[in-house]
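Asks:
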Amino acid sequence: MNRTHALARCVLIVGDLAAFLLFTYYGKRAHGLPADAAGILATAAPFLLGWLAAALLLGVYRPHRYERPGKLILITVAAWTVAAPIGLIIRALWLGTPITLMFAVVAYGLMLMFLLGWRIPFGFVHTLIRRRNTPR
357 MNRTHALARC VLIVGDLAAF LLFTYYGKRA HGLPADAAGI LATAAPFLLG
407 WLAAALLLGV YRPHRYERPG KLILITVAAW TVAAPIGLII RALWLGTPIT
457 LMFAVVAYGL MLMFLLGWRI PFGFVHTLIR RRNTPR
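Residue numbering for the sequence shown follows this note's numbering, starting at 357 and increasing by one per position.
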């Protein structure tokens, strides 16, 4: 893997982690819950585990998956579509509570917006950098 791909992969991983943590922070604040670091990590953990499983299964961080913005959007939607139910099931088992349809729909939609909200600009910037660094 070349240096550009290694850096891009690191940025993607850190950006995705930040998206999950911000989503969780926003959710806690919106519901009037304490938004301390430990609580945010504990709340985000089931969804991060679901994302990790989907990312490994679908190869989310492989260079060919993010070489163009269109591919990046498709893999993000596919991965979150796999990851969200996994995260919801882990959360339900962990908390001992059922999964409500409203929570599932809101969590799916909002987290997808958080992921795409930063991954789409990343995809365009990454494409510009690749084009600039490609010899003609």
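Think of the CB as a built atom: it goes at the ideal place given N, C-alpha and C, for glycine as much as any other residue.
(1) Starting from Ile570, follow the alpha helix (DSSP H) in both directions and report where the run begins and ends.
(2) Please name the residue in Pro402, Thr399, Thr432 and Arg424 whose C-alpha comes closest to that of Leu413.
(3) Can we say the segment 434-442 touches the segment 395-415, given the rule of at least three CB pairs closer than 8 Å?
(4) Between the alpha carbons of Thr483 and Gly426, how many angstroms are there, rounded?
(5) Taking the Cβ atom as the reference point for each residue, do Phe376 and Phe459 lie within a distance shorter than 9 Å?
(6) Quick check on this structure: which residue in Ile429, Arg447 and Phe480 has the alpha carbon closest to the alpha carbon of Leu468?
(7) Does the segment 365-383 come into contact with the segment 444-458, if we say contact requires no fewer than three beta-carbon pairs (one atom in each stretch) closer than 8 Å?
(8) Any Cβ of chain B within less than 9 Å of the Cβ of Leu404?
(9) Using the three-state DSSP reduction, which class does Gly465 fall into: helix, strand or coil?
Replies: In brief:
(1) Because residue 570 is not part of the residues shown, which for the chain are 357 to 492, the question remains open.
(2) Thr432
(3) yes
(4) 11 Å
(5) No; because the gap between Cβ atoms is not below 9 Å, this pair is not in contact.
(6) Comparing Cα-Cα distances from Leu468 to each of Ile429, Arg447 and Phe480, the minimum goes to Ile429.
(7) no
(8) As a matter of chain content, chain B is missing from the structure shown, which is built from one protein chain.
(9) Helix at Gly465.
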